[in-house]
Structures are given as C-alpha cells and as structure tokens.
Amino acid sequence: MDTDALTADLLRELRATRPYPALSLTMPTHRTAPDNAQDPVRLRNLVAEAVHRLEADPRVSRETAAAIRAELDRAADEVDPRRALDSLVVLAAADGHRIWQLPRTAPERVVLSDTYLTRNLVAAKARARPFWALTVAADHATLWNGTDQGIEVRETGGFPLTAPKEPPNPQREERIGDTPSTFTDEDTRNFFRTVDEKLRAVLASDPRPLYVMGLAPALSLLDDVGESAKAAVGRVAKGAPADLPPAEVLRELRPALAEGARQATADVEKRLDNARSAHTFAGGLDEVWAAVREGRVGLVAVEEHFQRTVRVTDGHLEPVPEGTTQTEDPEVREDIVDELIEAALDGGADVVFVADDSLAEHGRIAAALRF
C-alpha cells in the first residue's frame, strides 16, 4: 500500500485500540542489487522472531498466535522485491495484515501492543509532500494524486467525473474552448457545482495543497460556483484533455509546484523568525521533543534527512553510541524523529521539511510554539 493512501480515517483506524496483540514489524530494505538480496532473509528472520514472541507471550492464545503467524507468512510471500524502497512495514492481527514499502528507512523492530505502530507511516507520508491536482474542462474533471515521487490519477470521491452527454447539435462543435457560451450554459455550471462538491469532500477527508489546471474560463467558473478551488496553492491556465498523460500533467504543473515550494519555505522562515522575536522558539531535538510532548508546538521544521537514535531518560533525550539498537536497550528510540513528527501532527501542529543544513545552527530541527 502506498503512503499517500494513508488518509486521516485510515490512520484513526490503525491507531484504534484492538484486541491484544496487534503486531507491527518494521525493517530497513534496499532498492537495488546486490544489497537487496539480503532483504528476504532478514524478513524471514524477523517473522521468526515475531512468531517466537507470540508463542512465548502468556497473554496470547495458541489459536491467536497461529492465526497471526499465518498472516505474517502471507505478508512475507506478498512483499514484492521489485517495489522495494528504503523500509518495510507489516501490520498484522489474527484477522488480516497490511504492507507498506516506504521511501524512508525504519529500524528493525517487532512490537506487540493493543494498537499498531504508525509513526514510520506518518513520517513517510509527511516527507512525501503529498498534493492534489485537479484538471478540469467543460465536460470532465480528473483528480491527480501527487507526491515527490510523481503523479497519478486517483479514483476517489467520485473522480474522475464526466458531464452528462448532450443530444447532438449540428450547429455546435463540442470542442473545449471553441464556443464562447460553453462555460456560461446552465448544464456546464451544474457540472462544475458537482465538481466543487466532490472536491470539497476529498479535501475535507485528506487535506493537502491543491493545484488546479484548465482553461481560464473553466478555472473562473469553478471559483464562481463553489469554494473548494479558491484556496489552490497554484493554478495553470491550460487546456486539460481527458486523456492527458501523467508526464504531461506533471510537466505543466512544475512551475506552479516550484513556486508553491518556494512560498512554503518562505512562510516557514517567516514563522520561525516571528517565533524568535516573540521568544516562542525551540531549537534542537531535546527542546522540540519536550515542547511537542507538552502540546505547545504550532510548527515543526525538520531537515529532510535528519534522523537520530537516542535514549529517553526522565523525559529527556540522550545521545547513544552509534549502532545502539532498541533490541539491546528498551529505552532506546531508533526512530525518535519519526515519533516526534507523529506526535506533533497528532497535536495539530504543522510539520514541514526543509533542505539539509538549513537548520544546522539549531540542531537540524526547530519549532514555533503556540505559547
């Protein structure tokens, strides 16, 4: 499953309390040969460790352990090495399993709890910088799912939409933009109202930056009949045929995406500058971690590839020697940055990723506090 499929509803489902045990398995993987040859072996070893822990846990019945073992075996068989990225996450219970291959590394872990471990999923989704793009014309509207990895058509929320066909009219050619009245007739206005309604529902269930593309009259009409597109981060005034290929959509969107990224960076810098002036600024992993735990953070800015392994002692984070793992020391957190990101998002904070070394003077991570 792709990280962009992690909607707010699905995350709530994954975090919900379940009958013990909900098993979470994470491990680093490799994209290319020869390193990826070790991944299936490591996965089988980790599955064996998980099975051993299930069978040794007095809280887990033999039937439940056998059912989860069967789900883990199915998951291991389903993992596609051709799609391997930087880590693998398997969530399993007696009634099923889910698999994610993530473009971000994760430590090797097996966790038994009454809820699934989701911090690696949340962090990977946030780092992918997901966005929505809507291509719209008089007779169709397509929703595109975009990330830093590319763009693809997303069939969700009723999209793609096609306007009802009108009876043939020999006096009028049905070609986008060639008839001045196309975007003023009531049938087209009603279709655009439907587009707005469907788009509004998608944005409510999975909020992301929105980009819209279509002829200028189409974009104007979309604004006129509804509200959903008015907050678009970027607009591209260009025709949008129904069969426009993903590469062409992305090519046309690139200037708007670049401007959106530039504006987002400027907004982050401004918020951090204002926080420094107002003495509501936190810098460094320990300071930001404490502020997140207290629910005081409004914005977290973190460098793109910043990761740390630490030991949690009395609510503070202490560095540990390189190579230390949670298996050796239960107080060690190998994915503390991902854990911080998930906690910040849970607390309603904005999380943004900035260029490596841009926060070097602040310990690679900084925050603007609410108070």
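Residue 346 in UniProt numbering sits at position 346 of the sequence shown, with consecutive numbering throughout. Where a beta carbon is used, it is the ideal one built from N, C-alpha and C, also for glycine.
Which word fits residue i, buried or exposed, when buried means at least 16 other C-beta atoms lie within 10 angstroms of its C-beta?
i	result
T188	buried
E331	exposed
residue 407	The first residue shown for the chain is 1 and the last is 371, placing residue 407 beyond what the model contains.
A65	buried
K165	exposed
T142	buried
A16	exposed
V41	exposed
A33	exposed
D357	exposed
R83	exposed
S277	exposed
E304	exposed
T313	exposed
N190	exposed
F159	buried
residue 404	This structure leaves residue 404 out entirely; the chain is present only between 1 and 371.
In terms of residues, what are the limits of the beta strand (DSSP E) holding residue i?
i	result
V354	350–354
V153	150–153
H97	96–102
V212	210–214
residue 372	Outside the displayed range of the chain (1 to 371) lies residue 372, so it cannot be described from this structure.
L369	365–369
Report the residue from the options whose alpha carbon sits nearest the alpha carbon of residue i.
i	options	result
V288	G315, A264, V79, A8	G315
K230	V212, P241, A93, G239	V212
S228	R208, D95, L244	R208
L72	T118, L25, T156	L25
A93	A70, D80, D206	A70
L299	L272, E322, P217, E78	L272
V354	R262, A291, D335, D346	R262
I151	F159, E248, K198	E248
V292	L257, V351, H279	V351
F183	S220, D329, A67, R74	S220
G226	E197, A204, A216	E197
P28	D335, R18, L199, V302	D335
A22	P107, L6, L112	L112
T7	D114, A204, P245, L91	A204
V153	E342, L244, R31, N120	L244
residue 378	L210, A218, D206	No answer is possible for residue 378: the residues shown for the chain start at 1 and end at 371.
V202	A232, N120, T156	T156
H30	R200, Y20, R18, V79	V79
Considering residue i, what are the terminal residues of the alpha helix (DSSP H) in which it resides?
i	result
P40	39–56
T194	186–205
L11	8–15
Problem - Any alpha helix (DSSP H) of 4 or more consecutive residues that is wholly inside the segment 277–348 - result: Counting whole runs of 4 or more residues, the segment 277–348 contains the alpha helix (DSSP H) stretches 285–293, 336–346.
Practice task
For the segment 123–142 and the segment 50–70, state whether three or more C-beta atom pairs, one from each stretch, are separated by less than 8 Å.
Solution key: no
Problem - Sufficient close CB pairs (3 or more, under 8 Å) joining the segment 236–244 to the segment 261–275 - result: no
Exercise for the section: List in chain order: all unbroken beta strand (DSSP E) runs of 3+ residues lying wholly within the segment 226–263. Expected result: 234–237
Problem - Touch test, the segment 10–24 against the segment 136–148, Cβ-Cβ under 8 Å, three pairs minimum - result: no
Problem - alpha helix (DSSP H) runs wholly inside the segment 70–140, at least 4 long, in chain order - result: 119–127
Exercise for the section: Taking 8 Å as the threshold, find out whether the segment 40–54 comes into contact with the segment 98–107 through three or more Cβ pairs. Expected result: no
Handout entry: Contact between the segment 242–258 and the segment 298–309 (3+ Cβ pairs under 8 Å)
Key = no
Handout entry: Touch test, the segment 354–364 against the segment 273–284, Cβ-Cβ under 8 Å, three pairs minimum
Key = yes
Exercise for the section: Answer yes if the segment 62–76 comes into contact with the segment 123–132, meaning at least three C-beta pairs across the two stretches below 8 Å, and no otherwise. Expected result: no
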